Structures are given as structure tokens and as C-alpha cells.
Amino acid sequence: MRIPHSLALLLAAGATAAAQSPSQDPDQAAADRMLGHVRVLSSDEFEGRAPGTAGEELSVNYMRQEFLKLGLLAGNPDGSYVQGVPLVGIVSATSASFEVGGKTLTPAILNDYVAVSRHVAPAVEVKDSEIVFVGYGVVAPEYAWDDFKGIDVRGKTVVMLINDPPVRDPNDPTKLDEKMFKGKAMTYYGRWTYKFEEASAKGAAACLIVHETGPAGYPFAVVAGSWGRENFSLQTPGGDATRVAVEGWLTLAYAKSLFSAAGFDFDALKAAAVQRDFRPVDFNAKATFSVANRMRSLASRNVIARFEGSDPSRRNEYVIYSAHWDHLGRNPRLKGDQIFNGAADNALGCAGILEIARKFSNLPAAERPRRTILFLAVTAEEQGLLGSEYYAQHPLYPLTKTLADINIDGMQRAGPSRDIEVVGYGNSTMDDVAAGVLAEQHRVLVPETDTEKGHFYRSDHFEFAKVGVPSFYTNSGLDIIGKPADYGRMRRDEYVASDYHKVTDEIKPWWDLRGAAEDADMLFRMGLRIAQGDTWPEWKPGCEFKARRDEMMAGAPH
Ligand SMILES: [Zn+2]
Numbered sequence: 032m033r034i035p036h037s038l039a040l041l042l043a044a045g046a047t048a049a050a051q052s053p054s055q056d057p058d059q060a061a062a063d064r065m066l067g068h069v070r071v072l073s074s075d076e077f078e079g080r081a082p083g084t085a086g087e088e089l090s091v092n093y094m095r096q097e098f099l100k101l102g103l104l105a106g107n108p109d110g111s112y113v114q115g116v117p118l119v120g121i122v123s124a125t126s127a128s129f130e131v132g133g134k135t136l137t138p139a140i141l142n143d144y145v146a147v148s149r150h151v152a153p154a155v156e157v158k159d160s161e162i163v164f165v166g167y168g169v170v171a172p173e174y175a176w177d178d179f180k181g182i183d184v185r186g187k188t189v190v191m192l193i194n195d196p197p198v199r200d201p202n203d204p205t206k207l208d209e210k211m212f213k214g215k216a217m218t219y220y221g222r223w224t225y226k227f228e229e230a231s232a233k234g235a236a237a238c239l240i241v242h243e244t245g246p247a248g249y250p251f252a253v254v255a256g257s258w259g260r261e262n263f264s265l266q267t268p269g270g271d272a273t274r275v276a277v278e279g280w281l282t283l284a285y286a287k288s289l290f291s292a293a294g295f296d297f298d299a300l301k302a303a304a305v306q307r308d309f310r311p312v313d314f315n316a317k318a319t320f321s322v323a324n325r326m327r328s329l330a331s332r333n334v335i336a337r338f339e340g341s342d343p344s345r346r347n348e349y350v351i352y353s354a355h356w357d358h359l360g361r362n363p364r365l366k367g368d369q370i371f372n373g374a375a376d377n378a379l380g381c382a383g384i385l386e387i388a389r390k391f392s393n394l395p396a397a398e399r400p401r402r403t404i405l406f407l408a409v410t411a412e413e414q415g416l417l418g419s420e421y422y423a424q425h426p427l428y429p430l431t432k433t434l435a436d437i438n439i440d441g442m443q444r445a446g447p448s449r450d451i452e453v454v455g456y457g458n459s460t461m462d463d464v465a466a467g468v469l470a471e472q473h474r475v476l477v478p479e480t481d482t483e484k485g486h487f488y489r490s491d492h493f494e495f496a497k498v499g500v501p502s503f504y505t506n507s508g509l510d511i512i513g514k515p516a517d518y519g520r521m522r523r524d525e526y527v528a529s530d531y532h533k534v535t536d537e538i539k540p541w542w543d544l545r546g547a548a549e550d551a552d553m554l555f556r557m558g559l560r561i562a563q564g565d566t567w568p569e570w571k572p573g574c575e576f577k578a579r580r581d582e583m584m585a586g587a588p589h
């Protein structure tokens with residue numbers, strides 16, 4: 032039978048659409064709307080959206096305007112769409128010397144080491160502080176692990192290794208022990224933020240981490256680049272004086288020479304540090320640091336909008352969607368392109384929460400959720416999750432009434448996928464909610480593949496987790512419909528190698544945001560289900576954040 036040309040085209044188009052989506056039409060209109068938001072937020076006019084710049088003004092106004100257009104209410108009980116986030120920016124000029132083995136070593140800043148002081152003080156001095164090597168610097172009762180072994184490190188300079196201890200499986204030494212520090216996956220004990228927090232808690236004067244490119248996931252130049260610039264912290268009443276006075280990194284090569292000057296072999300001590308019975312090693316050496324800080328205070332903002340719940344007895348309970356609006360700004364020292372547009376990171380996540388907000392505002396009255404939905408676009412994520420930390424420390428609504436945070440940082444750009452990855456898979460009951468929604472989409476939930484990168488600790492949901500609120504965070508799926516099997520992996524690796532935190536994080540001609548639209552729809556339905564449900568999301572037994580939530584909720588029946 033001869034098929035008319037136009038009908039053949041229709042059939043072909045139908046066949047393609049059927050092959051591309053297992054369940055529903057990909058939402059091209061949503062993809063177009065999201066791309067439109069990314070176009071604006073990642074434009075050069077927004078100058079890379081750095082806190083405290085004209086780019087902040089434009090970004091905050093854009094998010095507020097878009098929430099207003101959707102009919103969302105002011106998220107701050109004071110009647111505004113913003114929450115002030117007071118930051119302090121510090122540029123440290125540091126010099127250091129080590130008295131070791133009868134010699135004075137003077138490492139070269141940026142070449143051998145980088146160090147700053149986050150004390151809000153113009154001058155910070157650490158003099159003749161004893162140097163102690165403390166292995167991985169980890170105190171983890173659940174693994175019966177304590178690298179300090181009760182040694183008093185007050186006033187001392189502690190030197191530690193990067194990552195969590197890579198303990199070998201006693202039955203198969205080719206693998207890491209899954210029962211210790213989650214095997215290959217990174218636990219919070221492996222994050223450098225943890226190490227400085229632990230050194231601070233122990234009262235050390237200075238803390239230096241030995242950088243290694245493999246375990247860090249990035250070369251020393253990346254550390255030197257970001258630590259050599261202005262660093263931001265939240266303004267605190269005590270000016271961060273309880274933090275370790277000097278925090279920094281040594282290059283691996285310099286660490287090896289320092290260890291050998293003290294009469295130790297770096298590799299031998301590193302091997303010893305993987306043993307539970309490791310004890311801190313006194314270098315019989317002294318460190319001196321002199322830091323001059325140039326400081327400025329800066330009033331940044333989180334943007335917050337509210338979609339009011341329909342049930343008067345439940346509307347004082349909340350589900351939060353978060354995404355950071357900020358990015359790295361511009362670097363005038365660069366030749367050529369100077370603007371870090373941050374299209375994927377995280378203009379796209381902002382587009383995601385706007386699309387989700389739109390779906391809520393389009394719900395018929397009868398389908399509006401009983402509980403209230405908050406949309407939180409936070410500042411200064413790139414400076415250390417500061418906007419979300421500030422919200423978690425100064426919540427506008429009680430955390431005991433906050434059911435969950437669903438965070439977006441980057442979204443699928445390779446097209447519709449069969450899968451979506453959960454970062455921190457197994458942590459909370461929200462995995463089950465997500466799996467149910469995905470099943471309706473004929474898609475699947477899969478555990479995160481790149482667990483060694485510590486993604487769970489690297490975006491804003493973590494600040495909610497830290498204070499106990501169940502939080503959910505995904506990574507884009509790798510199984511892209513209608514593409515070769517390695518296409519998703521190729522795009523992800525390409526992004527990490529070429530565009531992540533670079534001026535080239537821009538909209539690419541190959542972007543297909545239908546997958547992002549579908550993921551946004553999944554997150555929307557998930558939040559709707561939680562906001563309607565009779566059971567609150569919970570951390571699963573064994574999750575490191577469960578105790579905090581249980582303690583918080585003990586006095587707050589619901
Ligand atoms: Zn990001």
C-alpha cells in the first residue's frame with residue numbers, strides 16, 4: 032500500500048516520539064521555558080551571579096519577579112521575598128615557616144602550600160606551634176576510629192591526609208572494606224570541611240591538609256586558585272574566633288619534603304594511618320604563620336517564595352525546594368572570556384524550581400497540597416553552602432515543621448533518560464517516594480554512580496541534612512533514550528573535565544532539556560505527595576543524620 036507522503040511523515044514522527052519516551056510525551060514546552068530562564072540567568076549581563084555584585088541584584092530580582100508572576104506569596108514572614116544573609120569576605124596574605132630538624136623551611140605560598148585565616152581579624156599570628164601528624168584527622172565512633180587517641184592538640188599545628196581512611200577489605204585486599212567509611216564512597220569524614228571543623232573542635236591553632244590530586248578529584252592549582260582569592264563566611268557574633276586560626280593545604284611534594292626533614296617517610300606514615308591503632312606522630316618541629324586579612328562585610332540574600340497549603344490544620348507544615356542562584360562571578364585577570372556563566376551550575380536548577388513552582392501554581396484548587404511549599408533560591412553555595420547554612424541556622428519556619436528539603440543543583444541536559452540517580456541513596460524514605468513516582472513515568476531510581484566524589488556533601492541539601500531535616504538530591508541519569516549507551520557518561524565526563532566551574536559552563540547547542548523537564552515533573556510530584564501524605568519523610572536506620580532528627584522531633588509531636 033502506498034502511504035501518502037504527509038501520512039508517512041506523521042507515522043515516522045509518531046514512531047520517533049514513541050521510541051524516545053517510554054511513557055509520556057516529553058514536555059518540550061517545559062524544556063523551552065526552562066531554557067528561557069537559563070538564557071537570562073546565565074547571560075553575560077548577570078556577570079556570573081557572584082554575591083554582592085550587580086549580578087546578585089539582577090539574579091535576586093529575576094527570581095523574585097518570576098515567583099510573583101506565578102502568583103506565589105512572599106516567603107519571608109516579614110512580607111518580603113528575601114532573607115538577608117550577612118557575609119564577610121576575607122583575602123588573606125599568609126607567610127609560613129617551619130623549624131624542623133635544626134633547619135628553617137620557608138614554603139612558597141601558592142606553589143608549596145596555601146593557607147588562610149577565617150578569623151575576622153586584620154592580623155592573625157601563630158608562633159612556634161608544635162607540628163603533629165594526625166593521620167586522616169578522623170574521629171568516627173560508629174567505626175571505632177579515633178586518629179587523635181586522646182592527644183591534646185590545643186595550640187598545635189595538625190597535619191592530616193585528604194579523604195577518609197581507605198581501609199582494605201580483610202577478605203579481599205583488592206577492594207575497600209564496605210563496612211568501613213562506606214568503602215569507595217566518600218563519607219563526610221573525607222570532606223576537607225569536616226577536617227577543619229574537627230581541628231577547630233580540638234582546639235588546634237593550625238590545620239594543614241596534604242593535597243593529593245587523585246583522592247581530591249582536582250589538582251592543587253584548583254585549591255590554590257580558590258583559596259588564593261577572596262573567601263566568604265557567614266558573619267557570626269564571635270567573628271569565627273572558635274575556628275582553627277590558620278587552615279590550609281600542602282602540596283604532596285612539599286609534604287614529602289617536610290616529613291623527611293622531620294625524619295619520617297611520608298608513604299610509611301600514610302600506610303600507618305590506615306590502621307585503626309594509628310597514633311599521632313609528633314614531628315618535634317614548630318610552625319609559625321603570619322596572616323594579614325583584608326576584610327569587607329557584604330549583605331547577600333536568599334530568595335524565598337511560598338505556595339500556601341490548602342488545609343488550615345496543615346498549612347503550617349512545609350516542604351522546601353532549594354536551588355542556589357549564585358555562581359563564581361567574573362575574574363578580571365582572565366584573558367578573553369572572564370565570566371563564569373554557570374548555565375548548568377546552577378541557572379538550570381533555578382529554572383527547575385521555577386518550573387516546579389509553576390506546576391504547583393497551575394494545580395486546580397481541589398488538588399492543591401494540604402501543606403505549604405517553600406521555594407528557596409539560596410546565595411553563596413559556591414562559597415561553602417553559606418546561604419543554605421544561614422537558612423538552616425536561622426529558619427524562617429520551624430525545622431520541626433519542615434518535612435523535607437528537595438534540592439536541585441544542575442539538571443539533565445542530554446535528553447530524556449530512563450533513570451535518575453539518587454545522591455546518598457538509602458539515606459531516607461524519600462527514595463521510596465521517588466521510586467514510586469518514577470515507576471509512574473516508567474523510569475527507574477538508581478544509586479549514585481560516582482559515590483567517591485562526595486556529592487552528598489557538596490550542595491545545599493547537606494545543610495538541611497546536617498541540622499536533621501530529611502533532604503533529597505539527585506544526579507542526572509546516564510541512560511539516555513535514543514542515544515548510544517555511553518552518551519550520558521560521555522556528556523557527564525565532558526562537563527566535569529571541561530566546563531565545571533569554568534567560564535565555558537554555558538548553554539551548548541546539543542542541550543536537550545526535555546529530560547530536565549521530566550525530572551522537574553518527577554520532583555514536583557514527589558514534593559506534592561510528601562505535602563499531601565500522612566507519613567513524614569524520615570532518615571533510614573544507620574543514616575548519620577537520623578539521631579539529630581529524632582532528637583529534634585522528640586519534643587515536637589506531629
Ligand atoms: Zn552548584
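My numbering numbers the first residue of the sequence shown as 32 and each following residue consecutively. Using N, Cα and C, we set each Cβ at its ideal position, and we do this for glycine too. What you are looking at is a predicted structure, and each value in this text was computed from that prediction instead of being measured.
Could you tell me if residue 440 is buried or exposed, where buried requires 16 or more neighbouring beta carbons within 10 angstroms of its beta carbon?
Within 10 angstroms of the beta-carbon of residue 440 lie 16 or more other beta-carbons, which makes it buried.
Taking 8 Å as the threshold (C-beta atoms), are residue 276 and residue 323 in contact?
Contact flag unset, no.
Is it a yes or a no for the stretch 378 to 387 touching the stretch 464 to 476, going by three-plus beta-carbon pairs under 8 Å?
By the C-beta criterion, the stretch 378 to 387 is judged not to be in contact with the stretch 464 to 476, since fewer than 3 inter-stretch pairs fall below 8 Å.
Using DSSP with H/G/I as helix, E/B as strand and the rest coil, what is residue 238?
Reduced to three states, the DSSP call for residue 238 is strand.
Short check: CB of residue 311 to CB of residue 210, under 8 Å?
Contact annotation: residue 311 and residue 210 have beta-carbon atoms that are not nearer than 8 Å.
Burial state of residue 642, where buried means 16 or more other Cβ atoms lie within 10 Å
For residue 642 there is no data in the structure shown, the boundaries of the chain being 32 and 589.
Per DSSP, residue 120 is paired with what?
Beta-bridge pairing links residue 120 to 263 and 327.
Using a threshold of 8 Å, state whether the C-beta atoms of residue 489 and residue 509 are closer than that.
No. Outside cutoff.
N- and C-terminal bounds of the alpha helix (DSSP H) containing residue 71
Per DSSP, residue 71 belongs to the alpha helix (DSSP H) from 59 to 72.
Burial state of residue 410, where buried means 16 or more other Cβ atoms lie within 10 Å:
With 16 or more other Cβ atoms within 10 Å, it is buried.
Using CA atoms only, rank isn't needed, just tell me which of 565, 542, 561 and 291 is closest to residue 133.
Selected option, being the one with the closest Cα: 291.
Between the C-alpha atoms of residue 172 and residue 107, what's the straight-line distance to the nearest angstrom?
Looking at the two C-alpha atoms, the distance is approximately 39 Å.
Among 538, 360 and 498, which residue has its Cα nearest to the Cα of residue 80?
For residue 80, the nearest C-alpha among the options comes from 360.
Check: residue 377 C-beta below 7 Å from any heavy atom of ligand 1
Within the cutoff, so yes.
Hey, is residue 481 close to ligand 1, as in C-beta under 7 Å from one of its heavy atoms?
Residue 481 Cβ: outside cutoff for every heavy atom of ligand 1.
Proximity of residue 145 and residue 259 at Cβ, strictly below 8 Å
In contact: residue 145 and residue 259 (Cβ atoms closer than 8 Å).
Taking the alpha helix (DSSP H) that residue 223 belongs to, which residues open and close that run?
Residues 223 to 232.
For the stretch 536 to 553 against the stretch 443 to 451, do three or more pairs of beta-carbon atoms, one drawn from each stretch, fall closer than 8 Å, so that the two count as touching?
The stretch 536 to 553 vs the stretch 443 to 451: in contact.
For my contact list, residue 349 and residue 402 are in at a C-beta cut-off of 8 Å; report their separation, rounded to the angstrom.
So it is a contact: roughly 6 Å between Cβ atoms.
For a quick check, are the C-beta atoms of residue 196 and residue 60 less than 8 Å apart?
Inclusion of residue 196 and residue 60 in the CB contact set at 8 Å is not warranted, their separation being larger than that value.
Is it buried or exposed for residue 573, if we count other Cβ within 10 angstroms and need 16 for buried?
Result: exposed.
I need the straight-line Cα distance from residue 431 to residue 519, nearest angstrom please.
Rounded to the nearest angstrom, the gap between the Cα atoms of residue 431 and residue 519 is 39 Å.
Separation of residue 269 from residue 194, as counted between CA atoms:
Approximately 29 Å between the Cα atoms of the pair.
I need the boundaries of the beta strand (DSSP E) containing residue 503, first residue and last residue.
Its beta strand (DSSP E) spans residues 502 to 507.
Examine ligand 1 and report whether any of its heavy atoms sits within less than 7 Å of the Cβ of residue 490.
Yes, the beta carbon of residue 490 sits closer than 7 Å to at least one heavy atom of ligand 1.
Buried/exposed call for residue 205, threshold 16 Cβ in 10 Å:
By the neighbour-count criterion, in which a residue is buried when 16 or more other Cβ atoms sit within 10 angstroms of its Cβ, residue 205 is exposed.
Return yes when at least one heavy atom of ligand 1 lies under 7 Å from the C-beta of residue 440, else no.
Result yes, Cβ under 7 Å from ligand 1.
Which first and last residues belong to the alpha helix (DSSP H) in which residue 280 is found?
Counting along the chain, no alpha helix (DSSP H) covers residue 280; the unbroken beta strand (DSSP E) around it starts and ends at 277 to 281.
Residue 343 - DSSP class collapsed to helix/strand/coil:
Three-state result, residue 343: coil.
Can the beta-carbon of residue 495 be found closer than 8 Å to that of residue 550?
Between residue 495 and residue 550, the CB-CB gap reaches or exceeds 8 Å.
Distance between residue 142 and residue 254 (C-alpha atoms, nearest Å):
When rounded, the distance between both Cα atoms is 11 Å.
Integer Cβ distance of residue 438 from residue 486, believed to fall under 8 Å
Not a contact, Cβ separation roughly 11 Å.
Coarse secondary structure for residue 434, derived from DSSP in three states:
Three-state DSSP puts residue 434 in a strand.
Looking at ligand 1, does it come within less than 7 Å of residue 412, judged from the CB to the closest heavy atom?
Answer for residue 412: yes, Cβ within range of ligand 1.
Distance between beta carbons of residue 122 and residue 325, contact taken as under 8 Å:
Cβ-Cβ separation between residue 325 and residue 122: approximately 5 Å, consistent with a contact (criterion under 8 Å).
Spell out a yes or no on whether the stretch 342 to 356 and the stretch 146 to 166 are touching, meaning 3 or more CB-CB pairs, one atom from each, closer than 8 Å.
Flag = no, the stretch 342 to 356 and the stretch 146 to 166 do not touch.
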